[in-house]
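Novice: Would you mind keeping the following structure in view while I ask a few things?
Number of protein chains: 2
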Amino acid sequence: MKKYLKIYNIIKSQIENKELAAGQKILSVRKAAKLYNVSITTIQNAYFELCADGYIISQSKSGYYVTSTAENNTINTEPEEKDSIIYNFTGGIADRDSFDLKLWQRYIKSALRQGDRMLSYSSPQGEYDLRCAISDYIKEKRNVVASPDRIIVGAGVTALLNIICTLLDKSSIISFPDNSFETGIGLFRDYGYDVRTRYKDADVIYVSPSHMTRWGDVMPIKRRVELTEYSCKKGSIVIEDDYENEFLYNVRPTPSLYALGKGNVIYMSSFSAMLIPAIRISFMVLTPELYDIYKTKMHRLAQTASKTEQIALCSYIRDGHLNSQTKKVRRLYSAKTKDFAKILKNKLPNSKIEIGDNTLQIILSAEISKSPDIFESMGIKVHIEKFENKMITLVISPSGIPFDELENAAELLKKAIV
Amino acid sequence: MKKYLKIYNIIKSQIENKELAAGQKILSVRKAAKLYNVSITTIQNAYFELCADGYIISQSKSGYYVTSTAENNTINTEPEEKDSIIYNFTGGIADRDSFDLKLWQRYIKSALRQGDRMLSYSSPQGEYDLRCAISDYIKEKRNVVASPDRIIVGAGVTALLNIICTLLDKSSIISFPDNSFETGIGLFRDYGYDVRTRYKDADVIYVSPSHMTRWGDVMPIKRRVELTEYSCKKGSIVIEDDYENEFLYNVRPTPSLYALGKGNVIYMSSFSAMLIPAIRISFMVLTPELYDIYKTKMHRLAQTASKTEQIALCSYIRDGHLNSQTKKVRRLYSAKTKDFAKILKNKLPNSKIEIGDNTLQIILSAEISKSPDIFESMGIKVHIEKFENKMITLVISPSGIPFDELENAAELLKKAIV
């Protein structure tokens, strides 16, 4: 076989095996010649052939790129998925007016100016000054009194649960309220724990009292007192994920389990929902016993949250911005949910529309003649809670839809349902 | 008991129990009055008493803060530890001239300007464009040909090993070269795996071929070929942590195990060492089999690396800065190690001084009359490899010591040893 055909075949099979993806730049002629130890002319011939067969294209002054037509059989899911979704109602997306990115930029800039701090790794436990700021903040907001020493920072609740998994006794039974928090349940199972749902006599009980169901039901105070008292007596640990607590708008603010408990509650919360998802910083307060175990294992646990973002967040909190941001976000999302519920009621007068306790989710029940696949095929990403006898129940979170698109988004939902 | 004394006792015990740490701001008089449901005068009296007894101090216009004297018995380790270390020779600290923070700031700024991308969480697998840039980079640098689809990004090697732990068969036997990588070994053990050292017939073999020992020995090419051939035959997976590969200066560049293997190697590398520790982004290329398992579990794994930093790093790589940064860092640290070895030879003519393969570490063996505790008590943080019959062997990494302090650092080491 001619040399250039050999090269042709190598690269062709790399493209066909998806090792080279559509849009990727391939090696320059000079570099490829060096790599395969052949002449530049050989490579040029191979590339010409690949261009002719549609595997790559040449872009002047830039180089050669893999074409998308060459990738008919690839599963390049991500860029595609993005394109096919028109409206995403599954939450976890922030409104673009909810957060002052320019202000945040200033804090990041000033964090990066602290050159010397950038030169070392962040403490496994998180930056000390951020933990002080968090300690102050949760004392004031949630009556959670905890020394910065017992606070542990991580990139997201999963990263924190990962740490808890390394601290517990391996024979512990873990209880979750239901099967919806797949990430948490899967994690504990991967570590070999016995995970059950609604198991009263578990050693560890995970709850998110401000988001008990997918539509944001809140645990009543009476139940909170019962849970902490029972678990105290039993000697079990409660993991309180204070998820979406800040959004409680319709109901009276409820006390944290941590404040009610007697030292057996791990308090856990995240800043992503208050700020933007891209800032992934969460924290937890360990129980004194678990913190003692943590100290012995700390040297082999690594910090996951960005050091720059930790430093920036510390000043952001200290300067009072988290406070005002929380108020702003709560007002904005609550108004949006109400607006959207109103629009939906107009468009779908025969459906049942309710707003969840924490005013972030809408529960819509309606008759549907089509298959539930219709939503996906129409570019709608939404959680289907129930589908039975042509009745469908959807949990709709409009937070990521801009205000001026609410009308269009509701229209598309209507078209899918009616 | 008078009301104000009750409040006094509550706060005093919070300080004594270390729930309120030195330097922390306590609640304002107005807020405390609201919280405890007492008059402002009552709180003021309590605070005056606490001031008088030295528990808190008042700072005009700012509020009340817990004093450090009140915390005699606290274990506020971190700020203290920082103060007591004068020179840290354990590595993991960057030279302040090694990285252009201003340039990085520009990339961060431009990433934050991509407002819409900031509004959603990063993909569990990492940002797609960063994975494309990494795919191009490792193909060129290490001959690691892998589609962006098989690349997974995470905040540090530990975060990536965590993912691997969720993908493997639970009965797998994992082999590490020795006991030094505590983080990795502890993690696999926490997941319940059988971890052994230098176990030939393991199902998974972890190696860092460019940093085989604490002083940076490099795995010779012959051994690399043997390892990949043997593991292929056996059907075992090799985790290749390409740690410090970029620093190989004295030895010929060695091929990656991934390039030598036949699809059974997980290639893993980190950008922290090349950039600065504060930028914690690592990645791995999964084997096709493990990637298929990953896809089924992906939806419940969360991304840990900062989204902003991922976007910034992508452009940074695309613009060629990682290339030049690598060259700069290698030159700088290699020169520093050589300089420091020379200075040490002058100061300690009777000791044996060698430089490790990857020119980042110095191995120093010398006679010592004092106890090895002397280093810590003199503010020196250094790894003691061996201490026997008054002979000590140290592994010294001078990377974090500024050039103009090398002389002083060597002098302090001399004082500790002689």
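Quick note, the sequences are listed as chains A and B, same order.
FYI, in the working numbering the residues of the first sequence are 22 to 439.
FYI, in the working numbering the residues of the second sequence are 22 to 439.
Built from N, CA and C at the ideal position, the CB exists for glycine as well.
From a predicted model like this one, the values you see are computed outputs, not experimental measurements.
Along the chain, where does the alpha helix (DSSP H) containing residue 342/B start, and where does it finish?
Specialist: Mapped onto the second sequence, residue 342/B falls at position 321. It spans 342-368 - the alpha helix (DSSP H) in which residue 342/B sits, taken as one unbroken run.
Novice: Taking DSSP as the reference, what is the three-state secondary structure of residue 411/B?
Specialist: In the second sequence, counting from the first residue as 1, residue 411/B sits at position 390. Coil at residue 411/B, not helix or strand.
Novice: Per DSSP, residue 197/B is paired with what?
Specialist: In the second sequence, the residue the question calls residue 197/B occupies position 176. DSSP, once it has assigned bridges, lists 218/B as partnering residue 197/B.
Novice: Nearest chain B C-beta to residue 166/A closer than 7 angstroms, yes or no?
Specialist: Along the first sequence, one-based indexing puts residue 166/A at 145. Output row for residue 166/A: interface = yes.
Novice: Taking a cut of 9 angstroms between CB atoms, which residues from the stretch 155-183 of chain A lie near chain B?
Specialist: 156, 157, 160, 161, 164, 166, 167, 168, 169, 170, 171, 175, 176, 177, 178, 179, 180, 183
Novice: Which word fits residue 301/A, buried or exposed, when buried means at least 16 other C-beta atoms lie within 10 angstroms of its C-beta?
Specialist: Stepping through the first sequence from its first residue, residue 301/A is reached at position 280. Result: buried.
Novice: Is the beta carbon of residue 195/B closer than 7 angstroms to that of residue 228/B?
Specialist: Working through the second sequence from its first residue, we reach residue 228/B at position 207. Working through the second sequence from its first residue, we reach residue 195/B at position 174. No Cβ-Cβ contact shorter than 7 angstroms links residue 228/B with residue 195/B.
Novice: Along chain A, in chain order, which residues have C-beta atoms closer than 8 angstroms to that of residue 299/B?
Specialist: Locating residue 299/B in the second sequence gives position 278, counting from the first residue. Within chain A, the residues near residue 299/B are 138, 139, 140, 141, 142, 143, 327, 328, 329.
Novice: I'd like to know if residue 335/B contacts chain A, where contact means its C-beta is closer than 7 angstroms to some C-beta of that chain.
Specialist: Position 314 of the second sequence, counted from the first residue, corresponds to residue 335/B. So, not an interface residue.
Novice: Is the number of C-beta pairs between the stretch 166-181 of chain B and the stretch 283-296 of chain B that are closer than 8 angstroms three or more?
Specialist: yes
Novice: Would you say the stretch 44-60 of chain A touches the stretch 75-88 of chain A, given that touching needs at least three Cβ pairs under 8 angstroms?
Specialist: The stretch 75-88 of chain A and the stretch 44-60 of chain A touch, with three or more beta-carbon pairs separated by less than 8 angstroms.
Novice: I'd like to check one pair, residue 115/B with residue 376/B: are the Cβ atoms closer than 7 angstroms?
Specialist: The count along the second sequence starts at 1 and reaches residue 376/B at position 355. The count along the second sequence starts at 1 and reaches residue 115/B at position 94. Cβ atoms of residue 376/B and residue 115/B: not closer than 7 angstroms.
Novice: Find the residues of chain A that neighbour residue 211/B, judging by a C-beta separation of less than 8 angstroms, and give them in chain order.
Specialist: The residue labelled residue 211/B in the question sits at position 190 within the second sequence. Within chain A, the residues near residue 211/B are 186, 187, 212.
Novice: Taking Cβ-Cβ distances shorter than 9 angstroms, what residues in chain B pair up with residue 130/A?
Specialist: Working through the first sequence from its first residue, we reach residue 130/A at position 109. In chain order: 126, 129, 130.
Novice: Under a three-way DSSP split, which group does residue 89/A fall into?
Specialist: Position 68 of the first sequence, counted from the start, is the residue given in the question as residue 89/A. Reduced to three states, the DSSP call for residue 89/A is coil.
Novice: Just to check my reading of the structure: residue 71/B and residue 29/B have Cβ atoms closer than 8 angstroms, yes? What is that Cβ distance to the nearest angstrom?
Specialist: Here residue 71/B refers to the residue found at position 50 of the second sequence. Here residue 29/B refers to the residue found at position 8 of the second sequence. Contact holds; Cβ gap of about 6 angstroms.
Novice: Kindly list, in the order they appear in chain A, the residues whose Cβ is closer than 8 angstroms to that of residue 42/B.
Specialist: For the purposes of this step, residue 42/B is taken as residue 21 along the second sequence, with counting starting at 1. Within chain A, the residues near residue 42/B are 153, 156, 168, 169, 170.
Novice: Under 8 angstroms: do the stretch 349-366 of chain B and the stretch 233-253 of chain A share three or more Cβ pairs, one atom per stretch?
Specialist: no
Novice: By the 8 angstroms beta-carbon criterion, what residues does the stretch 46-64 of chain A contribute toward chain B?
Specialist: 46, 48, 52, 56
Novice: Closer than 7 angstroms between beta carbons: that is the criterion. Which residues of the stretch 233-267 of chain B meet it against chain A?
Specialist: Those would be none; no residue qualifies.
Novice: Quick check on residue 265/B: buried or exposed, where buried means 16 or more other Cβ atoms within 10 Å of its Cβ?
Specialist: By one-based count along the second sequence, residue 265/B stands at place 244. Per the 10 Å Cβ criterion, buried.
Novice: Which whole-angstrom value describes the C-beta separation of residue 368/B and residue 432/B, a residue pair presumed to lie in contact below a C-beta threshold of 8 angstroms?
Specialist: The residue you call residue 368/B lines up with position 347 of the second sequence. The residue you call residue 432/B lines up with position 411 of the second sequence. Between residue 432/B and residue 368/B the Cβ distance is about 7 angstroms, and since that is below 8 angstroms, they are a contact.
Novice: Going by DSSP, what residues sit across from residue 80/B in a beta bridge?
Specialist: Taking the second sequence and counting its residues from 1, the one referred to as residue 80/B is at position 59. 84/B, per the DSSP bridge assignment.
Novice: Could you please give the first and the last residue of the uninterrupted alpha helix (DSSP H) stretch that includes residue 264/A?
Specialist: The sequence position of residue 264/A within the first sequence is 243, counting from 1. No alpha helix (DSSP H) holds residue 264/A; DSSP gives it neither H nor E.
Novice: Answer yes or no: do residue 105/A and residue 400/A have a C-beta to C-beta separation smaller than 7 angstroms?
Specialist: Within the first sequence, numbered from 1, the residue matching residue 105/A stands at position 84. Within the first sequence, numbered from 1, the residue matching residue 400/A stands at position 379. Yes, Cβ-Cβ distance for residue 105/A and residue 400/A is below 7 angstroms.
Novice: So, with DSSP's three-state summary, where would you put residue 399/B?
Specialist: Taking the first residue of the second sequence as 1, we reach residue 399/B at position 378. Residue 399/B: coil per DSSP, three-state reduction.
Novice: Consider the C-beta atom of residue 371/A and the heavy atoms of the ligand ZN; say whether any pair is separated by less than 6 angstroms.
Specialist: As presented, the structure is devoid of all ligands, the ligand ZN included, so that no description of it is given.
Novice: On the criterion of 16 or more Cβ atoms from any shown chain inside 10 Å, does residue 436/A qualify as buried, or is it exposed?
Specialist: By one-based count along the first sequence, residue 436/A stands at place 415. With fewer than 16 Cβ atoms within 10 Å of its Cβ, residue 436/A is classed as exposed.
Novice: Measure the alpha-carbon distance for residue 207/A versus residue 173/A and round it to whole angstroms.
Specialist: In the first sequence, the residue the question calls residue 207/A occupies position 186. In the first sequence, the residue the question calls residue 173/A occupies position 152. So the two alpha carbons sit approximately 22 angstroms from each other.
Novice: Based on Cα-Cα distance, which residue from 263/B, 278/B, 230/B, 242/B lies nearest to residue 252/B?
Specialist: Indexing the second sequence from 1 puts residue 252/B at position 231. Nearest of 263/B, 278/B, 230/B, 242/B to residue 252/B, Cα basis: 278/B.
Novice: Kindly indicate which three-state DSSP category residue 320/A falls into: helix, strand or coil?
Specialist: On the first sequence, residue 320/A is found 299 positions in, with the first residue counted as 1. Note: residue 320/A maps to helix in three-state DSSP.
Novice: Between which residues of its own chain and residue 78/A is the CB-CB distance below 8 angstroms, once the five residues before and five after are set aside?
Specialist: Locating residue 78/A in the first sequence gives position 57, counting from the first residue. Contacts found: 72, 85, 86, 88.
Novice: Drop a sphere of 10 angstroms on the beta-carbon of residue 98/B, count the other beta-carbons inside from all chains shown, and report buried for 16 or more, exposed for fewer.
Specialist: Translated into the one-based positions of the second sequence, residue 98/B becomes position 77. For residue 98/B, the pLDDT reaches just 38, beneath the cut-off of 50, and the residue's location in the model is therefore unreliable, leaving the point undetermined.
Novice: Give the secondary structure of residue 98/B by DSSP, where H, G and I count as helix, E and B as strand, and everything else as coil.
Specialist: Within the second sequence, numbered from 1, the residue matching residue 98/B stands at position 77. Reliability of the predicted coordinates at residue 98/B is poor, the pLDDT of 38 falling under 50, and no value is obtained from them.
Novice: Please identify the residue among 43/A, 268/A, 284/A whose C-alpha is closest to the C-alpha of residue 346/A.
Specialist: Here residue 346/A corresponds to residue number 325 of the first sequence, with the count starting at 1. Considering only alpha carbons, the answer is 268/A.
Novice: Assuming residue 211/A contacts residue 187/B under a Cβ cut-off of 8 angstroms, what Cβ separation, rounded to an integer in Å, is found between them?
Specialist: As a first step, residue 211/A must be located in the first sequence, where it is residue number 190. As a first step, residue 187/B must be located in the second sequence, where it is residue number 166. At roughly 5 angstroms, the Cβ-Cβ gap stays under 8 angstroms, so residue 211/A and residue 187/B are in contact.
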